[in-house]
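Here the structure comes first, spelled out in structure tokens, and everything after it is commentary.
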Amino acid sequence: MITDINEERRLARLAQLGDPVAAERLVTANLRFVISYVKRYQGHGLELSELVAIGNEGLLKAVRKFDPEHGVKFISYAVWWVRQAVLKALAEQTRTVRIPLNQNAALVKMGRVASLLSQELGRQATDAELAMALGETVEGIRSARRMTTTEVSLDAPIERQEKVGSTFGERVPGTGGTDIEEHTDMRLMREFIDRIFARHLTPRERKILSLYYGLDEGSEALTLEKIGELLGVTRERIRQIRERAFEKLRESPDVRLLERFCGAA
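This is the structure we're talking about:
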């Protein structure tokens with residue numbers, strides 16, 4: 000683990016320029032984290048060696064895409080790519096219906112990912128969190144659930160591999176006293192998104208997107224109709240404001256950072 004943030008950024012800049020030695024140092028320095036992280040997924044169809052290899056693929060992808068100029072620590076960014084790689088691989092171990100959600104991708108094994116994500120969070124994953132993990136929209140997740148012929152359980156019991164009382168922030172040896180929870184808690188994602196929303200959107204637009212994606216802690220994602228009822232306007236008006244907000248975000252210089260940080264395809 001690289002504890003010097005300046006050294007980490009220096010290596011990341013060199014890796015961006017195609018320096019294989021710098022990229023290898025970033026990967027090697029975080030291998031212990033990958034091994035510790037993927038252990039929680041043992042017993043779901045893949046051997047530990049396979050999980051480590053898959054996690055390392057996610058780590059390599061993070062190295063290629065990481066931008067040190069945005070002030071986010073590498074491990075905070077990399078964990079989303081490692082998690083996405085592992086969840087997608089584990090999802091392939093179970094039979095569920097693959098439903099196309101947009102022209103670019105298909106939802107991967109929603110039930111399995113939902114169960115694994117719920118295990119990791121210690122509670123049932125919200126539609127918004129499931130959408131984030133799969134790089135899809137909340138409406139797409141709900142549509143897929145309606146269309147599947149086999150009911151998808153979001154709260155199927157899974158035997159926990161961690162010791163009693165362990166959390167997503169289980170301490171990784173060698174991190175210099177920093178809990179992984181500090182880097183990977185969903186609050187980090189919410190705070191990051193909030194900052195970008197605040198830069199580019201009006202308070203009303205931010206409110207609607209927060210309700211739509213369930214970004215407020217402890218809240219569920221709401222449909223356009225429910226948001227309209229809550230704010231006293233029509234569903235169509237909410238849809239228009241949402242689309243206007245999307246357009247602003249697409250045109251903003253932060254959009255690529257947002258997509259990359261969230262692990263979007």
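Note that numbering that gives the first Met the number 0 has the sequence shown beginning at 0, numbered continuously upward.
Here a beta-carbon is modelled for each residue, glycine too, at the ideal position from N, C-alpha and C.
Since the structure is predicted, the reported quantities are computational estimates derived from the model, not experimental observations.
For the putative contact between Arg205 and Leu223, defined by C-beta atoms under 8 Å, what is the C-beta separation to the nearest angstrom? By 1-based counting over the sequence shown, the position of residue 205 is 206. By 1-based counting over the sequence shown, the position of residue 223 is 224. About 16 Å separates the two Cβ atoms, so there is no contact after all.
Ordered list of alpha helix (DSSP H) runs contained in the segment 18–81, each at least 4 residues: The qualifying runs are 19–28, 30–37 and 47–64.
For Val20, which option in Val112, Glu250, Arg63 and Arg198 has the closest C-alpha, if you only look at C-alpha atoms? Indexing the sequence shown from 1 puts residue 20 at position 21. Minimum Cα distance to Val20 is reached at Arg63.
Out of Glu128, Arg234 and Ala132, point me to the one whose CA is closest to Asp215's CA. By one-based count along the sequence shown, residue 215 stands at place 216. Per the Cα distances, Glu128.
If we count Cβ pairs, one from each stretch, closer than 8 Å, do we get three or more for the segment 56–76 versus the segment 20–31? Touching, yes, given that three or more Cβ pairs across the two stretches are closer than 8 Å.
I'd like the list of long-range same chain contacts for Leu25, defined as Cβ closer than 7 Å, with 5 residues on each side in sequence excluded. Here the question's residue 25 lines up with position 26 in the sequence shown. Answer for Leu25: Leu10, Ala11, Ala14, Val62 and Phe73, listed in chain order.
Go ahead and pull the three-state DSSP assignment for Ala220. Start at 1 with the first residue of the sequence shown, and residue 220 comes out as number 221. Residue state, collapsed to three classes: coil.
Quick one: give me the first and last residue of the alpha helix (DSSP H) that Leu210 is part of. Taking the first residue of the sequence shown as 1, we reach residue 210 at position 211. In this chain, the alpha helix (DSSP H) harbouring Leu210 covers Pro202 to Tyr212.
Close-in-space but distant-in-sequence residues of the same chain around Ile34 (CB under 7 Å, 5 per side omitted): Taking the first residue of the sequence shown as 1, we reach residue 34 at position 35. Val51.
Endpoints, alpha helix (DSSP H) assigned at Ala14: What you label residue 14 is simply residue 15 of the sequence shown in a count that begins at 1. Segment Ile4 to Gln15, the alpha helix (DSSP H) holding Ala14.
Within 7 Å: the Cβ of Arg249 and any heavy atom of the ligand COA? You won't find the ligand COA in this model; it holds no ligand whatsoever.
Would you mind giving the Cβ-Cβ distance between Ile207 and Arg241, rounded to the nearest angstrom? I have them listed as a contact below 8 Å. Within the sequence shown, residue 207 is the residue found at index 208, counting from 1. Within the sequence shown, residue 241 is the residue found at index 242, counting from 1. Contact annotation, Ile207 with Arg241: C-beta distance approximately 6 Å; criterion of less than 8 Å satisfied.
Exposure of Ala132, with buried meaning 16 or more beta-carbon neighbours within 10 Å: Against the sequence shown, residue 132 aligns to sequence position 133. Ala132 comes out buried.
Secondary structure at Ala124, three-state DSSP: helix, strand or coil? As a first step, residue 124 must be located in the sequence shown, where it is residue number 125. Looking at Ala124 - three-state DSSP - the assignment turns out to be coil, as it is neither helix nor strand.
Just curious, the alpha helix (DSSP H) that Glu135 is in, first and last residue? Counting from one through the sequence shown, the residue named residue 135 turns up at place 136. Counting along the chain, no alpha helix (DSSP H) covers Glu135, and no H or E run does either.
In chain order, what residues of the same chain have a beta carbon less than 6 Å from the beta carbon of His43, not counting five sequence neighbours either side? Along the sequence shown, one-based indexing puts residue 43 at 44. Taken in chain order, the residues that qualify are Leu89.
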